[in-house]
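Residue numbers (the numbering used here), protein chains in the order written: chain A, 33 to 707; chain B, 18 to 521; chain C, 174 to 495; chain D, 102 to 323.
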Amino acid sequence: MAILLLLTLAGYAVGLLLPLCVPSRPRLQNTLAHGLAGFAGVAGICLGTIGLFAGEPFTTSVPSTLPLLTFAIRLDPLASFFLLTISSVGLAASVYALGYVTEFYGRVPISLLGSLFNGFLLSMTLVVIADNGFFFLLVWELMSLFSYFLVVTEHEKSDVRYAGLFYLIMTHVGTAFIVLTFLLLFQGSGSFSFEGFRRPDQAFSDGMRTMAFLTALIGFGTKAGIVPLHVWLPYAHPAAPSHISALMSGVMIKTAIYGLIRVYFDFFGGHFPWWWGFVVLALGAVSALLGVMYALMEHDLKSLLAYHSVENIGIILLGIGAGMIFHSYGLEQLAALGLIAGLYHTLNHAIFKALLFFGAGSLLYATHTRNMEEYGGLLRRMPWTGAFFLIGAVSIAALPPTNGFISEWLIFQSLFLSYEMPSLLMKLMLPIAAAMLALTGVLALTCFAKAFGISFLALPRSSHAKHAEEVPWPMRIGMAFLAASCIALGLAPMLAVPMMDRVTASMIGTSIADRMVALGGWALAPVNVEFSSLSSPVLGFVLAATAALGLALVALYSGTRPYRYGKTWACGLNLTPRMEYSATGFVQPIKRVFSTIYQPTVKLETEFLEESRYFAKRRRFEFHIEPVFQKYLYDPVITFMSGLADRLRIVQAGSLHLYLAYMFVTLVLLLLVAL
Amino acid sequence: MMESTVMIAVGLLLLPPLTAGCLSLLINSSRWLHVINLISIGTLVGAEAVVARAVFLQGSVTAFAEIVYIDALSSVILFIIGTVGLACSLYMRSYMDEQVARGVIAPKRLSLFFFLFHMFILAMVLATVANSLGVQWVAIEATTLATTFLIAFWRRRESLEAGWKYLILCSVGISLALFGVVLMYYSSLRVLGDVSSALNITQLQQVAAQLDPHILKLAFVFLFVGYGTKVGLVPMHSWLPDAYTEAPAPVAAMLAGVLETVAVYAILRCRGIADQALSPDFTGGLLALFGLISFALAAFFILLQHNYKRLFAYSSIEHMGLAMVGFGVGGPLGTFGGLFHLVNHAFAKSLAFFAAGNIHRRFKTVEIDQVRGLTTVLPWSALALLISGLALTALPPFALFTSEMQIITALSSSGLPDEWTQPGTRIPVVILLLCSVVAFAGFLYRITGMVWGPAPKDVVPGERWSVGHVPIILLGTMLAGFGLALPASLRHFVEMASALLLSR
Amino acid sequence: MIAGQSIFQAIVLTLAQAIVLIALSPAIVGLIRKVKARFQCRRGAAIFQPYADLRKLFCKQPVVSTTTSWIFTATPYIVFASTMTAGLLVPVFASQMPLNFAGNIIAFVYLLALGTFFLILAGLDAGSPFGGMGSSRESIVASLTEPAMIMAIFAIALTAGSTNLSTIVHRTALLEGIVTDPASHVMALAALFIVALAETGRVPVDNPATHLELTMIHEAMVLEYSGRYLALVEWASGIKLLVFLTLIANVFVPWGIATSVTPAALSIGLTVYVAKVAGLAVLIGTIECMFAKLRLFRITDLLGVAFILALLGLLFFYILRG
Amino acid sequence: MSWLTPHVATQIVDFSSAMLLLTCFAIVAQRRLSACVDLFALQSLFLAMTAALVAFLTGSRHIYIAAALTVVVKVIVIPRVLKGVIERLNVTRELVMKINVPASLLICGALVMIAFFITQPIIPFGHLLTRDSLAIALAIVLIGFFTMISRQKAVTQLIAFLVMENGLFLGATAATYGMPLIVELGVFFDVLVAALIAGIYTNRLQDAFDSVDTVHLSELKE
């Protein structure tokens, strides 16, 4: 294991340094950096898998010459699980990047891009395996820093700069809160080692524990993008190069989930009141719903995906929150179920979100635009990308038989099982959360029907789309890998669930794998098989069989007569792209139904012909959604701060006498105090 | 080690700047001026190494009839003086020559510049190694006199104004400090009798416990306000932004990097004596309180800066405040963090001013809004600016992250000294974190605005390699390196120093 | 698997159910049309007319738009498959369906969603404005329906202590037909009925018989389909309707369903089942004649009501159970 | 000299330090610059006297040197320089002040009280000979400081600064019988250089701003 660990870290580290040293030949640097990253990724996958099933957590530590800081590493199941997630997505990303960064040749120093990419992966890996608070903070900040530099890769664009800065500041605010949490824990134990952090409840008053809970929630929530701390996400993720967006959206925000689980279940050992869980659950539900709703209104494909990250983080938190509530009522097995559901969705989201961002990247690569309204008809020009994107879309819309469906199913189960809880409030609240989840699910479905339908189907809406070509092989391979795992995790959850179970067993102390894998390994069941069960392989088989039945029917009646081609019926006119339903038009009804949330402002200008008011010469339509959180939450803070600073100007008024007066007053006052 | 070698080494601490200063008055060729400068700094650094070794072995070194006293604390400060001084001298090679070439200054004034520069260094070294508080005071006043013309060197209206303000405010402050010294003497007389050694640190430390607390309190207040003016603690900071903005880049680097540090050193020395008789809560609370105020105020001023030199000036107020908090809170952690922070800040800030100097030479403006696309125009300076910027906002892997975290941890675990706030309150930590976030936002908003973006049309892009880039690399690597692995020897020195500060 | 069933039995039962669903669905559609015709004082086409229609469609050569991709031609099969699979999760005439373990009510819902997803894509694929319109409207209706459906089903699931449909039906059936808590059941029933209307595109949500493109939802989506593809889609929607009727019938009034696998029980179950769904079909036909189609943005209110009803059902359950 | 009992000596020292304080008030009240300079010279003279007296009474030689230096530097050299500056800049009187004379005088009175109040607990430790001079020294320092704030002309500020220095010197000599010689020398050197530099500055300011009114020095601000 030590060897594997060394290989992983060394691979990234070398990848971080070497590209900067070799002569500036983009191709060479590209292969070098991403090759090494891929190698380290493979090592990381092995390491994670071994660590997940190892009996004893593997620990090692290197003392540093600095006080408080020790480079301590611990590979318990939780860490290994996230390591596994990071490494697999990292591997796919490095393969994808081999092709993708060719777009940047000549514009951006590839050496820098590659080495930062490695650094980013390295820091993320270290974040999840760090076993010392100080070390954790160090790599955590490094992670933010690397990702920031990657975000501003194309810093000539002003919006990219803005996005980067906004991201950097927000994440630093989050870090400040995490520091606060760790300082609180530090007071309990007097050391920064995670071992000291565990079970602080003896040393803690309730007030301090509540404070720690809240600070941790805000701190990690900022990184995870929980509403209302999500505002940076839709700026930063699209601004980065797509393989980076995939990493940020798929993996980086998961480190925050890791942090939350680590603090609540590991450090606090699950000793918390029910309302902690409820807060998490409620935030999750809100994030999920608002995330998808804002996503629906996005026509920039990457921002759309970014908002979906908010949604999915919300879904994950639903699982974790439910787990926390169950745990606080002592229902260990159900708690384990909730946690497993959350973790499973974490893994799945990492995979299909990365896949989708890869797809978006490919579109960007082929068309050089992110605006969906300029896509269209790409499925015929980019069949591979299209197919992979479709798989991703189906998974994120949680449709069977893909992985997204399984994890959402599990979360539904854990929410439904709320009827075993003593409190009536919770009994009612969890099903409502379930209803919100259902709404979220369907809206996600709509959103990706839009995303796929508008981008890939019908006629091309712009010359970009008309002349698009399929992307090079490495990118396709990267996507294929993830698409395959989407299907695999969807069809064989019984093989995946034991992995999560290892984690929950180490966190909560009850293993429920044997109870979840029911009916001879064919079906998946939440704790009791009587309540519900799901057998995705059988479902898949039945789907195939019935489809075959349909084909049989066709063959039976009409044989296989070839169909003939005709024009689409457009009231007798020739169909032009302008006639097609636009993305904006597609979501119009939703915008109208949920207008209370969007508060849209619509502007319609029409120029009529001179002859008659019934014929418009030109129409101009634009609508904006109220950025509620910026307007009512962030702007006030910013204005207050800058206003305060402005009022402080008078201190530095430039008059020598004033300055002397300061000194004089200070002196006299201090003399009087000293007396 | 031979006593004599140590003596010589100590002599070589003071002699080179003096001789070099006098020589440079006689020389006109800029080339030779630089050579002499480098030689003197080189010898200085070498001597420091020898002395440091001696201190390492013996714990402290006294020389020249107890006029010179060097212990771990002073050697740490000497280390800072040496390193930053060397960096500045290397940087000046490219900086001053270009000024001369562009005819900004006449060659004759160049020699004057070097003379003052050497005097400046001499005064600082003297202040660091002086055994007598009186001599230390004289030396620190001398730094004021030496630098005031360096600040007003460009002879513009603004620089004159800055120089005048600097002169007046600092001289007043310093004379208050003198009153403090007098009081110190006044109290020590009764114990030691009327001997000329009654102001010697060595003597005072032995008898300090018997000194009268009342007088010491007053004395410390005077000394704190006086030297605090030099450090630039709010509300005695007012001269600082103006001076740093108007001074030539290397001078600004020295002021920000070293002079402040030396002033802090003076305060620490006096505190070391005062604490023997007083409860450390009084002095500590004073330091921590003013540190906190400085930190908070500076953070908000950083938020509204449009001038990058002022930006750096306020950031050094901020960091000095932070270090003060560290010393004030005390404890092994706080003190270590404070000293370590001094070292790191010196490096980062001088780096920042080097970058600022290069930018100013190329863009001919100090307005942040008019500086864009450094990555393409001045890649090296952009790198320096980024490193210093990230370091000064305490981001890893740079060392300030570590020291700041140490200080914050110390503050949160022990709180402000009890005499000033009710015990165990967590408000100071929250204030500190909040303000650090504010400063972070303001600082990086400006820095990134300058570094990124497309290059302006009217500026010639490209930066040729010059010797002026050596210090950038030097300091950058040190900052990054110390953040992850502090050399054992340096750590040992810092620990010895903090042990001295905590000894009671 | 259900205890005491051999693999052979299981397969036979499943196939039988599949055949019943496939065979019966056109008749139900025909029946509804007939009822409506009667109410409109027409004689109307024969109940079995839909079979003839389907046959004709199968024989016609389909026309496919030049703008479409493989999605368009694949969709009918996917829709058919997903609907059938969903149907196989619902017990039709025997309460102990072998596929019970394969998926619960959530799976049922999401399988239907799969079909909807692809139909929406197909609607967009042809690039015709009507298709897009249909898709967009379908999506909003679906998204409003889903939460209500989940809540309603959950209210029922609670009473039976399971979310697997066969288990629910089986347990309810064994209670000699006395529903455990009528209050919550009634609420859930009402909610589910509204949901069914919306999901299957009946009046007052959508009008399957309309010829105005601008008012269409489901019909607009499939406007470009012809020949065998249209046949499959139509058939699938028929099956979907039948499945929903089955769900309502068996979950709320499971009387007479075969609780054991004996020829007698099965034959009784089948007849009772046909009677039940026929009854419901008549009911739907009546409703379609009595109500007018709602405006698109009025549908919100209707489905809102459904959601609230379902929630009340849940509340009643907990309150009454204490 | 038998009549010179310690008691009498204390009386004399107190008297001369009182004179120092008096001259301070005079400077505060005085608007004409040259007069200020003269008063400063006078004060320095009193200072030298006190120092000499202390030296004579305590018999510590090096205070004589200090006294002599005071006479040379503060009574002769610096006033000359200042006079020269004033002539060249032809600023005769301070017309506007931040705080007008009566108010300043009142404040100064308050400052003296504060000084006595502050030093009161530590007086008893002092030498019998110089009981009150520490308090007076502090008072002079504070007054000088205050004058720097209340006056606008660079020259007056300079004078006020020197007054502060005098206060310090009084403290050093009277209260502690003089600092170690090396320190004394250093202090004198610094004071001298500071004064000269300030003089040079005033010229430059005159050239740059056409006035030595420090109110004009407020361009550098936020």
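Ideal Cβ positions, reconstructed from N, Cα and C, are used throughout, including at glycine. For clarity, every value in this text was computed on a predicted model and none was experimentally measured.
Item checked: Interfacial residues, the region 386-397 of chain B to chain A, with Cβ spacing under 7 Å -> Going along the region 386-397 of chain B in chain order, one finds no residue with a Cβ nearer than 7 Å to chain A.
Next item on the list: Go to T262/B, then tell me how far its alpha helix (DSSP H) extends in each direction, as first and last residue.
Entry: T262/B -> alpha helix (DSSP H) spans 256-263.
Next item on the list: Return the CA-CA distance between M174/C and I35/A, expressed in angstroms with no decimal places.
Entry: Unreliable placement is indicated for M174/C, whose pLDDT of 46 sits below 50; the coordinate value is still reported in the next sentence. C-alpha separation (whole angstroms): 47 Å.
Next item on the list: Kindly indicate if chain B contains any beta-carbon less than 9 Å away from that of I201/A.
Entry: At a cut-off of 9 Å, the C-beta of I201/A has a neighbouring C-beta in chain B.
Margin query: Looking only at its chain, what residues have a beta carbon closer than 6 Å to the beta carbon of F499/B, apart from the 5 residues adjacent to it on each side?
Written below: Shown here for F499/B: same chain residues with a beta carbon closer than 6 Å to its own, the five before and five after excluded, namely A416 in chain order.
Check: V259/A: which of S319/A, F226/A, F218/A sits nearest, CA to CA?
Finding: Considering only S319/A, F226/A, F218/A, the residue with the shortest C-alpha distance to V259/A is S319/A.
Check: In terms of residues, what are the limits of the beta strand (DSSP E) holding P95/A?
Finding: DSSP places P95/A inside the beta strand (DSSP E), whose first and last residues are 90-95.
Margin query: Taking contact to mean 3 or more Cβ pairs, one atom from each stretch, closer than 8 Å, check whether the region 422-437 of chain C and the region 240-249 of chain C are in contact.
Written below: The region 422-437 of chain C vs the region 240-249 of chain C: no contact.
Item checked: Among L680/A, M531/A, W306/A, the one whose alpha carbon lies nearest that of L110/A -> Closest option to L110/A, judged by alpha-carbon separation, among L680/A, M531/A, W306/A: M531/A.
Notebook entry, point to check: Is the region 314-325 of chain C in contact with the region 362-379 of chain C, if contact means three or more CB pairs nearer than 8 Å?
Noted result: Yes, the region 314-325 of chain C touches the region 362-379 of chain C.
Notebook entry, point to check: Any C-beta of chain A sitting closer than 9 Å to the C-beta of M174/C?
Noted result: In this prediction, M174/C scores a pLDDT of 46, lower than 50, which makes its location untrustworthy; the coordinate-derived value is nonetheless stated afterwards. At least one chain A Cβ lies under 9 Å of M174/C.
Checklist line | Partner residues on chain D for G686/A, Cβ-Cβ distance less than 9 Å | finding: The contacting residues are L318, S319, E320, L321, K322, E323.
Item checked: Bounding residues of the beta strand (DSSP E) (the contiguous stretch that carries L636/A) -> Element bounds for L636/A: 633-640.
Next item on the list: Please state whether DSSP places M174/C in a helix, a strand or coil.
Entry: Here the model assigns M174/C a pLDDT of 46, short of 50, so the residue's position is not dependable, and the following value carries that caveat. Three-state DSSP puts M174/C in coil, outside helix and strand.
Next item on the list: Along the beta strand (DSSP E) that carries L272/C, what are the first and last residues, could you check?
Entry: Segment: none, L272/C is in no beta strand (DSSP E) and carries neither H nor E.
Next item on the list: Kindly identify the DSSP beta-bridge partner or partners of H656/A.
Entry: Per the DSSP secondary-structure output, H656/A pairs in a beta bridge with T633/A.
Notebook entry, point to check: Going by alpha carbons, who is nearest to G83/A out of L107/A, F103/A, V74/A, A65/A?
Noted result: Ranked by Cα distance from G83/A, the options L107/A, F103/A, V74/A, A65/A are led by L107/A.
Check: Which residues in the same chain have their Cβ closer than 6 Å to the Cβ of Y402/C, if we skip the five residues on either side of it in sequence?
Finding: Closer than 6 Å at Cβ, skipping near neighbours: P235, P249.
Check: Since G598/A sits in a beta bridge, which residues does DSSP pair it with?
Finding: The partner list for G598/A (beta bridge, DSSP) reads S238/C.
Margin query: In the DSSP output, which residue or residues are listed as bridge partners for Y361/A?
Written below: For Y361/A, DSSP assigns no beta-bridge partner whatsoever.
Check: Is any beta-carbon of chain D found at less than 9 Å from that of H689/A?
Finding: Yes, its Cβ sits closer than 9 Å to a Cβ of chain D.
Check: Can you find a CB in chain A that lies within less than 9 Å of the CB of M463/C?
Finding: Residue-level contact by beta carbon fails for M463/C and chain A, as no gap is shorter than 9 Å.
Check: So what does D314/D bridge to, in DSSP terms?
Finding: According to DSSP, D314/D bridges with K254/D.
Note to self: Could you give the first and the last residue of the continuous beta strand (DSSP E) run that contains D386/B?
What the structure shows: That residue, D386/B, is in no beta strand (DSSP E); it is neither H nor E in DSSP.
Notebook entry, point to check: How far does the alpha helix (DSSP H) with R231/A in it reach, from first residue to last?
Noted result: Premise fails: R231/A is in no alpha helix (DSSP H) and is neither H nor E.
Next item on the list: Would you mind stating whether T11/A and L410/A have Cβ atoms separated by less than 9 Å?
Entry: Absent from the structure is residue 11/A, since the part of chain A shown begins at 33 and ends at 707.
Margin query: Please report whether the beta-carbon of R681/A lies at a distance below 9 Å from any beta-carbon of chain D.
Written below: For R681/A, the answer is yes, since a Cβ of chain D falls inside 9 Å of its Cβ.
Notebook entry, point to check: Does K466/C come within less than 9 Å of chain A when only Cβ atoms are used?
Noted result: No, K466/C lies away from the interface with chain A (no Cβ there is under 9 Å from its Cβ).
Check: Which residues does DSSP pair with S149/B in a beta bridge?
Finding: According to DSSP, residue pairing for S149/B in a beta bridge involves N217/B.
Next item on the list: Kindly indicate the opening and closing residues of the alpha helix (DSSP H) around A369/C.
Entry: Element bounds for A369/C: 355-372.
Notebook entry, point to check: By Cβ distance, which residues of its chain are closer than 8 Å to F299/A, with the 5 residues on each side in sequence left out?
Noted result: So the qualifying residues of the chain are L217, F226, F229, R230, R231, P232.
Check: Taking 9 Å as the CB-CB limit, is T220/D close to chain B?
Finding: True, the Cβ-Cβ gap to chain B drops below 9 Å.
Note to self: Between V586/A and chain C, is the shortest Cβ-Cβ distance under 9 Å, so that the two count as touching?
What the structure shows: For V586/A, the answer is yes, since a Cβ of chain C falls inside 9 Å of its Cβ.
Check: Per the contact definition of three or more C-beta pairs closer than 8 Å, is the region 278-294 of chain A in contact with the region 149-168 of chain A?
Finding: Under the 8 Å Cβ criterion, the region 149-168 of chain A counts as touching the region 278-294 of chain A, having at least three qualifying pairs.
Next item on the list: Please determine if the region 509-519 of chain A and the region 127-147 of chain A are in contact, where contact requires at least 3 C-beta pairs separated by less than 8 Å.
Entry: These segments touch.
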